[in-house]
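Under full-length UniProt numbering, the sequence shown has 154 at position 154, and the numbering climbs by one with no breaks.
The beta-carbon is built from N, C-alpha and C at its ideal position, and this holds for glycine as well.
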Amino acid sequence: MTVQPIRLFGDPVLRTPADPVVDFDAELRKLIADLTDTMREQNGAGLAAPQIGVGLRVFTFHVDDVLGHLVNPVLEFPDAEEQDGPEGCLSIPGLYFDTKRRQNVIAKGFTGHGDPLQIVGTGMMARCVQHETDHLDGVLFVDRLDPAGRKEAMKAIRQAEWYDPAAPPTVKLSPHGAGSPFGLGR
Numbered sequence: 001m002t003v004q005p006i007r008l009f010g011d012p013v014l015r016t017p018a019d020p021v022v023d024f025d026a027e028l029r030k031l032i033a034d035l036t037d038t039m040r041e042q043n044g045a046g047l048a049a050p051q052i053g054v055g056l057r058v059f060t061f062h063v064d065d066v067l068g069h070l071v072n073p074v075l076e077f078p079d080a081e082e083q084d085g086p087e088g089c090l091s092i093p094g095l096y097f098d099t100k101r102r103q104n105v106i107a108k109g110f111t112g113h114g115d116p117l118q119i120v121g122t123g124m125m126a127r128c129v130q131h132e133t134d135h136l137d138g139v140l141f142v143d144r145l146d147p148a149g150r151k152e153a154m155k156a157i158r159q160a161e162w163y164d165p166a167a168p169p170t171v172k173l174s175p176h177g178a179g180s181p182f183g184l185g186r
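Listed below in structure tokens is the structure:
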């Protein structure tokens, strides 16, 4: 087991879009194993490579007893149905805020061996896939909150025991606004 430290809110790697994976090699498979071990150790539903300081487009998930990973994900939404519910993040530990997401998602990408993979998710799986793909784009779930929700989240983050004022937090609006493939129509 190779559990890695998780990067916390304020770390610039969490705001940097990840690079596509081009080499489907043993190093990638070790990264996937490290992500899986770290996610499971922290009892997380998902974990993206930037959260352990690696700027590659890969994440792992463990939702509804389904354990897996996806490399270079591309999301499609079969409908406009939304869900709204509590969401948290291992990089923002202990804090949860109601966050709108799409109810249904089709995620296409690859396995660690480069084989095509498709995940059709609804509910919690759809939320997880969208959350982790956001990480790969340098977006955190607090970016998806409405202005009042973001203000509440930032206040809670500044009061959290893990918060480091030397790593000033930034919140940016999600680049996936209404009308985009990720749009949630705030």
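When the five nearest sequence neighbours on each side are left out, the beta carbons in the same chain lying within less than 7 Å of the beta carbon of residue 79 are those of 104, in order along the chain. Taking C-beta separations shorter than 7 Å and ignoring five residues to either side along the sequence, the partners of residue 145 in its chain run 97, 99 and 153, following chain order. For residue 134, the closest of 27, 57 and 5 by C-alpha to C-alpha distance is 57. In terms of Cβ geometry, residue 21 and residue 45 do not form a close pair [threshold 8 Å]. Counting only residues of its own chain and dropping the five nearest sequence neighbours on each side, residue 48 has a CB closer than 6 Å to the CB of 59, 132, 135 and 136. Beta-bridge analysis with DSSP links residue 104 to 122. Taking every protein chain shown into account, the CB of residue 43 has fewer than 16 other CB atoms within 10 angstroms, so this residue is exposed. For residue 53, there is no enclosing beta strand (DSSP E), as DSSP marks it with neither H nor E.
A straight-line Cα-Cα distance of about 20 Å links residue 123 and residue 39. Looking at 15, 37, 111 and 5, the one whose alpha-carbon comes closest to that of residue 142 is 15.
Taking all protein chains in view, the Cβ of residue 27 is surrounded by fewer than 16 other Cβ atoms within 10 Å, so the residue is classified as exposed. Cβ-Cβ distances below 7 Å link residue 120 to 106 in the same chain, with the five nearest sequence neighbours on each side left out; the list follows chain order. Rounded to whole angstroms, residue 74 and residue 108 show a C-alpha spacing of 5 Å. Under DSSP, the beta-bridge partners assigned to residue 62 are 67.
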